[in-house]
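Chemist: Please find one structure pasted underneath; my questions will follow.
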Amino acid sequence: MRFDLTDLRLFLHIVETGSITAGAERSAMALASASARVRGMEDALGIPLLERFRRGVRPTPAGRAVVHHARLVLHQLERMRGELAEYAKGLKGHVRLLSNTAAINEFLPEALAGFLADNPSIDIDLEERPSHAIVEAVAAGLADLGVVADMVDLGGLETRPFRSDRLVVVLPLSHRLAGRDGVAFAELLDEPFVGLSAGSALQDYLNSHATRAGRSLSYRVRVRGPVALCRLVERGVGVGIVPETAALRALDSGGLRVMTLTDPWAPRQLMLCARNFSDLSAHARRLVDSLSENAPAAIGKAV
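Take 249 as the starting number for the sequence shown in this note's numbering and just add one per residue.
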């Protein structure tokens, strides 16, 4: 049985994405080569590692065992790289970071830009997911670190403060509610919404609150980012809910009303999470220290 590190990384990517095609893309590998490597692994073991379906794959019990050991091997390799990097310049390290919408749009770009500039030997694989999915992935060893809202059940993960965040309502100035100081989410459920694209962690979070109220949000349009969302709201397309920092940036044109969302889940503390910070590779610990430098920031008031 001969599995190399490329095989193990590829197999983890396939399981994480639920697709041989997506796993091959994440591994920067041609689909034919990825399929051949998986078949080679299965032939070496004499048992299937993946169940194949029309819309993807999932690991068999033997495949889950491979995932478990692959994580251990690659984690130890990353720790070795981090420790040896203290002695050898140019040794590349890799950190897998998952983040919710607020952090990935509002706080991480600037924080990561400085870190990556100061640490040219460290690469970061950054992916957006809902907070609950981040917790599950970090707990399962599918990511080194996560940035989540503190209202999610963090289970046994260790946490550190990252930033403070507040969700606010954005309305056109002509909207019937624009003269209010604040509004509850339930009062907006009959409104046409401008939302973020499918797969947005923030939009999934809002959809879940609508479901708990026995309703669903009605979208006029969905866009990729909060700035575009605010521009459409300003022109009267609908209402929206975005992080306060994004809304305040969009106020310059003067056609937008930003209001407090009065629900108790609107103010959120964003947290860094890991299974165990002390067990992280030296590269990941360096990233944690960098991201924690300015935490926590105060939550401001909506205007």
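C-beta: ideal position from N, C-alpha, C; glycine also. Quick caveat: nothing in here was measured; it's all calculated off a predicted structure.
1. Count the other CB atoms, across all protein chains shown, that sit within 10 Å of the CB of G548; report buried if there are 16 or more and exposed otherwise.
2. What ranges does the alpha helix (DSSP H) occupy inside the stretch 359-426, keeping only unbroken runs of at least 4 residues that lie completely in it?
3. Could you tell me the boundaries of the beta strand (DSSP E) in which L518 lies?
4. Is it buried or exposed for V551, if we count other Cβ within 10 angstroms and need 16 for buried?
5. For V431, which beta-bridge partners are listed by DSSP?
6. Which value, in whole angstroms, describes the spacing of the CA atoms of R344 and H380?
7. Since A391 and L346 should fall inside the 8 Å C-beta cutoff, what is the C-beta to C-beta distance between them, to a whole number of angstroms?
8. If we call anything under 8 Å between Cβ atoms a contact, is A495 one with V506?
9. By DSSP, does E541 sit in helix, in strand, or in coil?
10. What does the Cβ neighbour count give for Q324, buried or exposed, with the cut at 16 atoms within 10 Å?
11. Taking the alpha-carbon positions, what's the A595 to R285 distance?
12. What are the start and end residues of the beta strand (DSSP E) that includes I489?
13. Tell whether a beta-carbon distance below 8 Å holds between A397 and N455.
14. Is E482 a contact residue of the ligand PLP, with contact defined as CB to any heavy atom under 7 Å?
15. Determine the closest residue to V481 out of L450, A426 and Q517, with distance taken between C-alpha atoms.
Modeler: According to the data block:
1. Confidence is the limiting factor: at G548 the pLDDT is only 41, short of 50, which leaves the residue's position unreliable, though a coordinate-based value still follows. That one is exposed.
2. 379-387
3. P515 to A522
4. A caution first: V551 carries a pLDDT of 35, below 50, which makes its placement in the model unreliable, though a value can still be read off. That one is exposed.
5. L509
6. 17 Å
7. 5 Å
8. yes
9. coil
10. exposed
11. Given a span of 249 to 551 for the chain in the structure shown, any question on residue 595 remains unanswerable.
12. G488 to P491
13. no
14. Annotation note on the ligand PLP: not contained in the displayed structure, which lists no ligands.
15. A426
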